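To start, the structure under review is shown below, and the notes come after it.
Chains as they are written, first to last, in our numbering: chain A, 591 to 725; chain B, 591 to 725; chain C, 591 to 725; chain D, 591 to 725.
Next comes the structure, spelled out in structure tokens:
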């Protein structure tokens with residue numbers, strides 16, 4: 591059992607979103623934040639960095655949004671659904687844009703292929719949360 | 591002239607949003623992130639902390655979203671309008687929710703009054719950006 | 591194989607720290623950042639929140655330092671050992687202070703017990719990195 | 591009077607560091623975080639990006655450390671001097687490394703000159719704090 595799961599199960603308040611979907615999304619957000627930070631940096635170390643400018647940019651943005659989203663979803667006290675919805679929508683969007691850009695370089699750079707995978711997983715986890723949060 | 595303004599004026603790429611609105615929003619995001627971190631902490635130090643739980647929560651969320659938004663708007667290379675729009679919408683929402691909550695405690699706690707002001711300014715700066723970004 | 595591990599193995603530059611210790615520390619930093627954010631929030635939702643003020647404070651600080659450290663260690667391009675050393679030292683310190691505080695509440699709050707565990711693991715991973723980085 | 595100053599003056603607890611030095615450092619941290627994010631991005635948009643790899647790297651690290659430091663110094667409740675010292679030392683180090691690197695490109699890129707200035711100001715503000723915090 592991960593620390594994140596134990597933290598959620600020992601929280602004193604009622605968890606506001608289905609626990610499985612929430613855990614998957616928290617985990618995917620921190621994982622994607624790490625992959626995107628690493629991918630922006632790996633791109634920066636490549637000889638063809640000039641071809642990877644947009645990839646570096648979208649990875650940096652995606653990492654920032656994922657950190658904010660992972661933290662906000664980690665909080666269950668006085669949960670505000672409309673705020674959660676807005677940041678999870680932004681996160682899904684950032685993951686989509688970044689995943690598509692990384693995918694374009696997946697044949698040349700393995701780190702872009704891996705990062706695209708992390709982005710897609712996070713985008714799907716965000717969509718799952720959005721389907722359970724009232725509009 | 592602030593460092594933020596100088597950074598924007600010396601950027602090699604064409605800036606994608608009207609410069610005045612962009613600068614105001616970048617500045618408001620970092621300012622609001624600081625105020626919200628400080629207000630959550632000041633609330634935590636109050637004798638009536640039990641009345642301020644929701645305020646602490648919304649301040650923490652707002653600070654996280656403001657940091658992400660301030661950073662993303664600080665980047666002009668390969669700007670992605672739809673990603674900017676999504677995070678600025680989330681930021682406006684976080685500032686609205688947090689500003690309203692802080693406002694409720696403004697009569698009892700000066701730091702909540704000041705933080706509500708920072709939130710409102712940031713919310714307005716976000717709305718200004720949104721009015722210039724295509725949907 | 592985790593995304594973090596794949597990202598490290600596909601990085602174009604030579605990794606500057608022993609890979610196993612580096613991966614363990616990156617993973618522990620993001621994990622501890624999540625646990626600390628969740629523990630600060632869980633404490634905030636407890637009836638005896640007044641007893642947990644210092645715990646909330648140290649969890650917030652520890653989360654912030656862990657995010658910065660996890661990101662910096664995720665970057666291998668133009669690695670600067672003295673900067674890595676300084677932030678990893680700060681992270682070890684934050685984890686020690688926070689872990690000790692959480693431990694004090696471990697008998698009353700399971701989330702504090704779990705968070706103390708995440709802090710200790712991160713502190714140890716930081717110490718391991720420090721032992722391999724030249725002073 | 592800035593929001594940061596008002597937040598500090600309305601805080602319920604005794605401020606642990608000389609208020610003028612503390613405010614200057616909080617302000618410099620958020621300002622430097624913004625400049626470094628913007629400079630990394632401006633470098634990424636330059637034709638000679640290949641010459642700026644180390645500059646981009648140090649700017650990203652410096653921005654991350656400055657955010658963590660600015661937030662931690664913004665908290666006065668249950669202030670922990672040894673934790674503050676560790677993160678401010680890391681911040682001074684990050685600003686020194688980044689400021690020196692930006693300075694090397696100041697003749698070719700105005701944004702590097704401005705960012706070097708923001709880094710130096712933040713490094714000095716950190717040193718000022720360190721001189722007042724017991725070792």
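Yeah, the Cβ is synthetic: ideal placement off N, Cα and C, and Gly gets one too. Quick caveat, the model's predicted, so the values are computed rather than measured.
- For residue 721 of chain B, the number of other beta carbons within 10 angstroms of its own is below 16, and it is reported as exposed.
- Sorting B:663, B:638, B:688, B:718 by C-alpha distance to the C-alpha of residue 699 of chain B places B:638 at the top.
- Here residue 603 of chain C carries a coil assignment [DSSP, helix/strand/coil].
- The beta carbon of residue 642 of chain B does not come within 7 Å of any beta carbon belonging to chain C, so the residue lies off that interface.
- Only those residues of the segment 651-665 of chain B whose C-beta falls short of 8 Å from the nearest C-beta of chain A are listed: 651, 654, 655, 657, 658, 661, 662, 665.
- About 6 Å separates the Cβ atoms of residue 719 of chain B and residue 607 of chain B, confirming a contact at the 8 Å cut-off.
- DSSP places residue 591 of chain B in the coil class of the three-state scheme, outside both helix and strand.
- Between residue 626 of chain C and residue 645 of chain C, the C-beta spacing is not below 7 Å.
- Per DSSP, reduced to three states, the secondary structure at residue 706 of chain B is helical.
- For residue 650 of chain C, the enclosing alpha helix (DSSP H) begins and ends at 643-664.
- Nearest neighbour of residue 662 of chain C by Cα position, chosen from D:665, D:662, D:654, D:668, turns out to be D:654.
- Remark: three or more beta-carbon pairs, one from each stretch, lie closer than 8 Å, so the segment 612-629 of chain B and the segment 656-671 of chain D are flagged as touching.
- Taking C-beta separations shorter than 7 Å and ignoring five residues to either side along the sequence, the partners of residue 664 of chain D in its chain run 616, following chain order.
- Residue environment analysis places residue 667 of chain C among the buried positions, since at least 16 neighbouring C-beta atoms fall within 10 angstroms of its C-beta.
- Within the segment 677-709 of chain B, no residue places its CB atom closer than 7 Å to a CB of chain C.
- Chain order gives no chain B residues near residue 627 of chain A, where near means a beta carbon separation below 8 Å; the closest approach is about 12 Å.
- Using a Cβ distance threshold of 7 Å, residue 688 of chain D and residue 696 of chain D do not count as a contacting pair.
- Against chain B, the CB of residue 669 of chain D has no partner CB under 7 Å away; the residue lies outside that interface.
- Counting along the chain, the unbroken alpha helix (DSSP H) around residue 693 of chain D starts and ends at 671-694.
- Per DSSP, residue 637 of chain C lies in no alpha helix (DSSP H) and is assigned neither H nor E.
- The Cβ neighbour count for residue 597 of chain D, taken over all protein chains shown within 10 Å, is at least 16; the residue is labelled buried.
- Taking the CA atoms as reference points, residue 631 of chain D sits about 14 Å from residue 641 of chain D.
- Closest in alpha carbon position to residue 685 of chain A, among A:670, A:595, A:636, A:619, is A:619.
- The beta carbon of residue 594 of chain D sits closer than 7 Å to some beta carbon of chain B.
- Of the candidates D:633, D:599, D:704, D:599 places its Cα closest to the Cα of residue 613 of chain D.
- For residue 667 of chain B, the secondary structure class from DSSP, reduced to helix, strand or coil, is coil.
- When the beta-carbon positions are compared, residue 674 of chain C and residue 713 of chain C stay at least 7 Å from each other.
- Contact note: residue 646 of chain B reaches chain C through 634, using a C-beta cutoff of 7 Å and chain order.
- Annotated three-state conformation of residue 697 of chain D is coil, per DSSP.
- The three-state reading of DSSP puts residue 723 of chain A in coil, since its state is none of H, G, I, E or B.
- Annotated three-state conformation of residue 608 of chain B is coil, per DSSP.
- In this structure, the alpha-carbon of residue 647 of chain A lies about 16 Å from that of residue 708 of chain A.
- In this structure, the straight-line span from the alpha carbon of residue 671 of chain A to that of residue 723 of chain A is close to 7 Å.
- Spanning the alpha carbons of residue 716 of chain A and residue 602 of chain B requires a straight line of approximately 35 Å.
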